[in-house]
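Since the structure comes first, as structure tokens, the remarks are kept for the end.
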Ligand code: DGL
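Right, dumping it as structure tokens:
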């Protein structure tokens, strides 16, 4: 089995973008990819970033695998042609766990995916009770089951497919946070106590939206756990592929934002995007075909 934690062979910066500053396209169903964009901008502040949110199809967690593959290929066709990225980061577990092979077959551009951080979770746990908090789509993937079998055979992994958490993260960013009781109920199944008294001590944040809620998740957890956010590892992988920032690179230019519906783009949300480094925002409308 091939574990697609990251993209394939390493590429030198010069080979990838002819020595110029690279253009990196960061893609998600909505706003979760901002958590990955933050890590990327810290690692390569000099790069040009295009942030694409497929808000017309949000949430991806409810789409069938076939519908999701077709949708991401369609959107990527448009976005690659419009923005000519040197590298694309699929900053979405729900998509990465099923569409990477099709993307790599269709495009010559390198793709880096984000998949559930099972391996670091298995390394971090002491109690060997780990929970994986993700969308219902990611939890159902055979890819996710294979990751667990490969890396966490010695652990008991509780899969928690959260129906609403990505939406709650978007609401938080848009200035309309859900209340504590609602949020606590969504994460409650992550916290397990075994018959021998062992308790869950690591929770994988296997949806890029969830780190947007991290301070609240920490405050609402019934006991302290290690929350694993894969974003820093993704940024390290991108640097491996395109090379480190030049020594004099201290420039953080604003990322360009592109949304496929734009209906979510209220003033508070535009301010939140700006806080994550996304300045100018455009709508490149790609309606979701009727299923
Ligand atoms: N941010 C996405 C992920 O990492 C999914 C949210 C959704 O569209 O359901 O899985």
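Numbering (the numbering used here), first residue to last: 52 to 342. Where a beta carbon is used, it is the ideal one built from N, C-alpha and C, also for glycine.
Same chain only: Cβ atoms within 6 Å of residue i, ignoring 5 sequence neighbours per side
i: residue 97; result: 72, 296, 300, 302
i: residue 81; result: 104, 106, 109, 221
i: residue 312; result: 106, 107
i: residue 331; result: 307
i: residue 322; result: none
i: residue 333; result: 309
CA-to-CA distance, residue j to residue i, given in whole angstroms
i: residue 45; j: residue 276; result: Since the displayed the chain opens at 52 and closes at 342, residue 45 lies outside it and no answer follows.
i: residue 44; j: residue 95; result: Outside the displayed range of the chain (52 to 342) lies residue 44, so it cannot be described from this structure.
i: residue 226; j: residue 180; result: 34 Å
i: residue 294; j: residue 93; result: 14 Å
i: residue 192; j: residue 148; result: 7 Å
i: residue 328; j: residue 197; result: 35 Å
i: residue 249; j: residue 224; result: 35 Å
i: residue 283; j: residue 91; result: 8 Å
i: residue 56; j: residue 167; result: Because the pLDDT of residue 56 is 39, which lies under 50, any placement of that residue in the model is unreliable, and the number read from its coordinates should be weighed accordingly. Distance between the alpha carbons of residue 56 and residue 167 is about 8 Å.
i: residue 102; j: residue 143; result: 12 Å
i: residue 266; j: residue 231; result: 12 Å
i: residue 325; j: residue 318; result: 11 Å
i: residue 195; j: residue 209; result: 12 Å
i: residue 216; j: residue 242; result: 16 Å
i: residue 337; j: residue 130; result: 11 Å
i: residue 134; j: residue 268; result: 36 Å
i: residue 340; j: residue 151; result: 22 Å
i: residue 245; j: residue 188; result: 27 Å
Buried or exposed by the 16-neighbour rule on C-beta atoms within 10 Å, applied to residue i
i: residue 262; result: buried
i: residue 145; result: buried
i: residue 260; result: buried
i: residue 83; result: buried
i: residue 273; result: exposed
i: residue 186; result: buried
i: residue 99; result: buried
C-beta neighbour in chain D for residue i, strict 7 Å
i: residue 255; result: Absence of chain D from the displayed structure is noted, only one protein chain being present.
Residues of its chain near residue i, where Cβ-Cβ distance is below 8 Å and the 5 sequence neighbours each way are ignored
i: residue 154; result: 123, 124, 127, 139, 141, 162
Beta strand (DSSP E) segment containing residue i, residue limits
i: residue 335; result: No beta strand (DSSP E) holds residue 335; DSSP gives it neither H nor E.
i: residue 308; result: 306 to 310
i: residue 181; result: 180 to 185
i: residue 99; result: 99 to 104
i: residue 86; result: It is not in any beta strand (DSSP E) - residue 86 instead sits in the alpha helix (DSSP H) that spans 85 to 94.
Contact set for residue i: own chain, Cβ-Cβ below 7 Å, skip 5 residues either direction
i: residue 54; result: Any reading at residue 54 must be qualified, since the residue scores a pLDDT of 36, below 50, and its modelled position is unreliable; no value is offered.
i: residue 176; result: 206, 252, 253
i: residue 316; result: 310, 332
Continuous alpha helix (DSSP H) stretch holding residue i: start and end
i: residue 137; result: Note, residue 137: premise wrong, no alpha helix (DSSP H); not H, not E.
Contact between the stretch 165 to 172 and the stretch 249 to 257 (3+ Cβ pairs under 8 Å): yes
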